[in-house]
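S.K.: A single structure is presented below for examination.
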Amino acid sequence: EAQVTQNPRYLITVTGKKLTVTCSQNMNHEYMSWYRQDPGLGLRQIYYSMNVEVTDKGDVPEGYKVSRKEKRNFPLILESPSPNQTSLYFCASSLTGVNEQFFGPGTRLTVL
Amino acid sequence: AQSVTQPDIHITVSEGASLELRCNYSYGATPYLFWYVQSPGQGLQLLLKYFSGDTLVQGIKGFEAEFKRSQSSFNLRKPSVHWSDAAEYFCAVGATKYGNKLVFGAGTILRVKS
Numbered sequence: 005e006a007q008v009t010q011n012p013r014y015l016i017t018v019t020g021k022k023l024t025v026t027c028s029q030n031m032n033h034e035y036m037s038w039y040r041q042d043p044g045l046g047l048r049q050i051y052y053s054m055n056v057e058v059t060d061k062g063d064v065p066e067g068y069k070v071s072r073k074e075k076r077n078f079p080l081i082l083e084s085p086s087p088n089q090t091s092l093y094f095c096a097s098s099l100t101g102v103n104e105q106f107f108g109p110g111t112r113l114t115v116l
Numbered sequence: 225a226q227s228v229t230q231p232d233i234h235i236t237v238s239e240g241a242s243l244e245l246r247c248n249y250s251y252g253a254t255p256y257l258f259w260y261v262q263s264p265g266q267g268l269q270l271l272l273k274y275f276s277g278d279t280l281v282q283g284i285k286g287f288e289a290e291f292k293r294s295q296s297s298f299n300l301r302k303p304s305v306h307w308s309d310a311a312e313y314f315c316a317v318g319a320t321k322y323g324n325k326l327v328f329g330a331g332t333i334l335r336v337k338s
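This is the structure we're talking about:
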């Protein structure tokens, strides 16, 4: 089954404790992206990757890092999480950045 | 700046009534257009998309949308709403001229009353 998986689905952590949210897709897509969803703001892009070892900032990259060492994986790293990063995070993949994007189930992160 | 506007934050319709969700965008060229649905606690699922051709597109779950270039709109419609349609709906726009990404509207929450 074609899908995007994210782990964990739920995470509660404390300020400053580094964390990683994993994302993996099995559709051989070149483009992958991370979004955060906040009430009234829709989805805002954090980072995206057009291919292996090619990443770029989206609209709200501050406080986040990503890497793309393999085509299928695109982890999101929060080196020092803060409460304003409490949000719902989605990973997505697609053939290109302006094509239909396939979304993972989401990761709800709470930073205390 | 390029933007996507969904003017209605919340909409409530009766089950069986018709539905129209509005989406307007500001781009200089004809973009790629999408509608996604997000059920509570779920990820986003694509309802339909428009790239070119016939301006009335059909999607899943009985939804359709019409691209109107003159109005820069891509409104989503359904002739008869079911209680299971209660969800949040997002319009998204992509244009390579303005970056390699989709830009999402803020979403419209649909409530269905019986």
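Chains as they are written, first to last, in the working numbering: chain A, 5 to 116; chain B, 225 to 338. All C-beta atoms, glycine included, are put in the ideal place defined by N, C-alpha and C.
Buried or exposed: serine 276(B), going by 16 or more other Cβ atoms within 10 Å of its Cβ?
M.R.: exposed
S.K.: Mapping the DSSP letters down to three states, classify lysine 337(B) as helix, strand or coil.
M.R.: Three-state result, lysine 337(B): strand.
S.K.: Under a three-way DSSP split, which group does threonine 111(A) fall into?
M.R.: strand
S.K.: Below 8 Å between beta carbons: does that hold for tyrosine 313(B) and leucine 334(B)?
M.R.: yes
S.K.: Quick check: the Cα distance between phenylalanine 78(A) and alanine 241(B), rounded to an integer number of angstroms?
M.R.: Phenylalanine 78(A) and alanine 241(B) have their C-alpha atoms roughly 42 Å apart.
S.K.: So for lysine 285(B), helix, strand or coil by DSSP?
M.R.: helix
S.K.: Quick check on the burial criterion: 16 or more other C-beta atoms within 10 angstroms. Buried or exposed for proline 255(B)?
M.R.: buried
S.K.: Quick one: what's arginine 48(A) bridged to in DSSP?
M.R.: Arg40(A)
S.K.: Which residues does DSSP list as the beta-bridge partners of glutamine 269(B)?
M.R.: Val261(B)
S.K.: Taking the beta strand (DSSP E) that threonine 59(A) belongs to, which residues open and close that run?
M.R.: Segment 58-61, the beta strand (DSSP E) holding threonine 59(A).
S.K.: If you check the beta carbons only, do glutamine 41(A) and glycine 62(A) fall under 8 Å apart?
M.R.: no
S.K.: So what's serine 28(A) in DSSP terms, helix, strand or just coil?
M.R.: strand
S.K.: From glycine 252(B) to leucine 15(A), what does the alpha carbon distance come to, in whole angstroms?
M.R.: 41 Å
S.K.: Tell me, which residues are paired with lysine 69(A) by DSSP?
M.R.: In the DSSP assignment, lysine 69(A) is bridged to Ile81(A).
S.K.: Report the neighbours of alanine 310(B) on chain A: residues whose CB is nearer than 7 Å to its CB, in chain order.
M.R.: Ordered by position in chain A, no residue passes the 7 Å Cβ test against alanine 310(B), which lies about 17 Å from the chain.
S.K.: Since phenylalanine 94(A) meets chain B, which of its residues come closer than 8 Å, beta carbon to beta carbon?
M.R.: Gly267 and Leu268
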